[in-house]
Amino acid sequence: MILAFIEHVAGAPTMLSLEVLTMASRLARKMGTQLEAVAIGPKAVAAAEILSSYGVSTLHVADDQRLDDYAAAAWAHAVADLAARVNPRVIIGTASDRGGEVIAHVATRMTMPMAANCTEIVPGDPFTVTRQRWGGSLLEEAHLKGTIKLLTIAPHALAAEASPSRTQVATDTFSPALEDKDFRVRLKISLAQARVVVGGGRGVGSAEGFAALEELAGLLGGAVGCSRAVTSLGWRPHSDQVGQTGTRIAPDLYIACGISGAIQHMVGCRAAKHILAINTDPGAPIVAQADFAVIGDVQKVLAAVNAEVRRVKAGEPSRSPA
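Going by my numbering, 1468 is the number at position 24 of the sequence shown; the sequence numbering is gapless.
What follows is the structure, given as structure tokens:
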């Protein structure tokens, strides 16, 4: 079995991960074995729908809330634990910063060799791989040994290509035996430093209503903020508050959802390069201050926006207007 490590944003596999799946699917056919995938983080289960077009038979999802933030050692521990259970012949991932780091950690945990930035793979004993060296200016042919072959695929070494037929993807949720030391280094986007901030106000409707904002922030690589009214209601912690008495932000894009735009809030976001307001009230102060505005129900608008961003990130073709 071949196990592909999939990077995703809120369940939408990245384009580089789709390239990895294309390579892994071809390799699985050559080896006469099946292709499975592992994904980590919020909404990872949602990736199954897209993976069905790339020959994946099973999606393994690590179930531990501590994995929601990126922690390379913890993510690698989860993949290594899974490998010990399912015994893959190959573990393959992207050569992105994150993918390369995770697979390198996996190789260390399993004391196995790893080949990075591969462009071609010929199975055998050992594997013969062609990989990029010196920033892609040199191609090296190498032999990869090891009971389990660990590889990363160079970005854009091949085009992502869906399989001719779809598969029925089974989902396996597992709980890795993680340790506190796995989380000594974690990556979380700071509200003050985020290039995209998705803020929510009373108009979001409830604490649960922030799930759509969390998804959009994840898709855009941003952070979630809120208004003072939201913290007063207990829906979000004070650390998420944008405003004069909260955090002052300066993102490239601030998406204000259901926020009226009180003066103290505008003080906190006035350094944003662009503001997009989503509000049911066309007369709300923030609508007048915004560069762009969508007048409508926050949850309905965000559902449509999130679906479109997921589609674009998955590399699906543009949809023509009805």
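Think of the CB as a built atom: it goes at the ideal place given N, C-alpha and C, for glycine as much as any other residue. Nothing here was measured: the structure is a model prediction, and the numbers come from that model.
Cutoff 6 Å; reference residue i; Cβ partners in own chain excluding five residues on either side
{"i": "T1617", "result": "V1505, D1507"}
Distance CB(residue i)-CB(residue j) smaller than 7 Å
{"i": "I1446", "j": "A1488", "result": "no"}
{"i": "L1664", "j": "V1640", "result": "yes"}
{"i": "A1638", "j": "A1667", "result": "yes"}
{"i": "E1585", "j": "T1574", "result": "yes"}
{"i": "L1462", "j": "A1604", "result": "yes"}
{"i": "I1719", "j": "A1734", "result": "yes"}
{"i": "P1570", "j": "L1588", "result": "yes"}
{"i": "R1692", "j": "G1712", "result": "yes"}
{"i": "G1702", "j": "G1645", "result": "yes"}
{"i": "F1449", "j": "V1482", "result": "yes"}
{"i": "V1745", "j": "V1753", "result": "no"}
{"i": "V1550", "j": "A1528", "result": "no"}
{"i": "I1494", "j": "P1457", "result": "yes"}
{"i": "M1467", "j": "P1567", "result": "no"}
Opening and closing residue of the alpha helix (DSSP H) in which residue i lies
{"i": "G1537", "result": "G1537 -> not in any alpha helix (DSSP H); beta strand (DSSP E) instead, spanning 1534-1538."}
{"i": "R1542", "result": "1541-1554"}
{"i": "V1731", "result": "1729-1733"}
{"i": "Q1708", "result": "1707-1713"}
{"i": "G1662", "result": "1655-1664"}
Nonlocal neighbours in the same chain, by C-beta distance under 8 Å from residue i, ignoring five residues either side
{"i": "P1765", "result": "Residue placement at P1765 is poorly supported in this model, since its pLDDT is 49, which falls under 50; the coordinates still yield a value, given next. Counting only Cβ-Cβ distances below 8 Å, and skipping sequence neighbours, we find nothing."}
Closest residue to residue i among the options (Cα-Cα distance)
{"i": "S1650", "options": "A1732, G1678, Q1612", "result": "G1678"}
{"i": "S1643", "options": "R1542, V1546, N1723", "result": "Just to set this straight, residue 1643 is Gly in the shown sequence, not Ser. Answer by Cα proximity: N1723."}
{"i": "T1502", "options": "A1515, G1485, D1525, Q1478", "result": "Q1478"}
{"i": "A1774", "options": "G1669, D1624, L1746", "result": "Outside the displayed range of the chain (1445 to 1766) lies residue 1774, so it cannot be described from this structure."}
{"i": "D1741", "options": "V1613, C1670, V1648", "result": "V1648"}
{"i": "G1705", "options": "A1694, V1613, G1687", "result": "G1687"}
{"i": "R1628", "options": "G1543, A1515, T1572", "result": "A1515"}
{"i": "P1486", "options": "A1728, I1707, L1660, T1675", "result": "L1660"}
{"i": "L1582", "options": "A1598, G1568, M1475, S1609", "result": "A1598"}
{"i": "G1690", "options": "H1682, L1511, P1726", "result": "H1682"}
Enclosing beta strand (DSSP E) for residue i [first to last residue]
{"i": "T1675", "result": "First-last for T1675: 1672-1677, but that is the alpha helix (DSSP H), not the beta strand (DSSP E)."}
{"i": "A1614", "result": "1614-1618"}
{"i": "L1503", "result": "1500-1506"}
{"i": "I1484", "result": "Counting along the chain, I1484 falls outside any beta strand (DSSP E), and DSSP gives it neither H nor E."}
{"i": "L1582", "result": "1582-1588"}
{"i": "E1564", "result": "1558-1566"}
Bridge-paired residues (DSSP) for residue i
{"i": "I1446", "result": "L1479, V1534"}
{"i": "N1750", "result": "Looking at the DSSP assignment, N1750 forms no beta bridge with any residue, so it has no partner."}
{"i": "H1452", "result": "P1457"}
{"i": "R1596", "result": "The sequence shown places Thr at residue 1596, rather than the Arg named in the question. DSSP lists G1537 as partners of T1596."}
7 Å Cβ cutoff, residue i in contact with chain B
{"i": "P1681", "result": "You won't find chain B in this structure, because it holds only one protein chain."}
Close beta carbons around residue i, own chain, < 7 Å, minus the five adjacent residues each side
{"i": "S1607", "result": "S1469, S1497, Y1498, G1499"}
{"i": "G1544", "result": "A1560, T1596"}
{"i": "V1464", "result": "A1448, I1536, G1537, T1538, I1597"}
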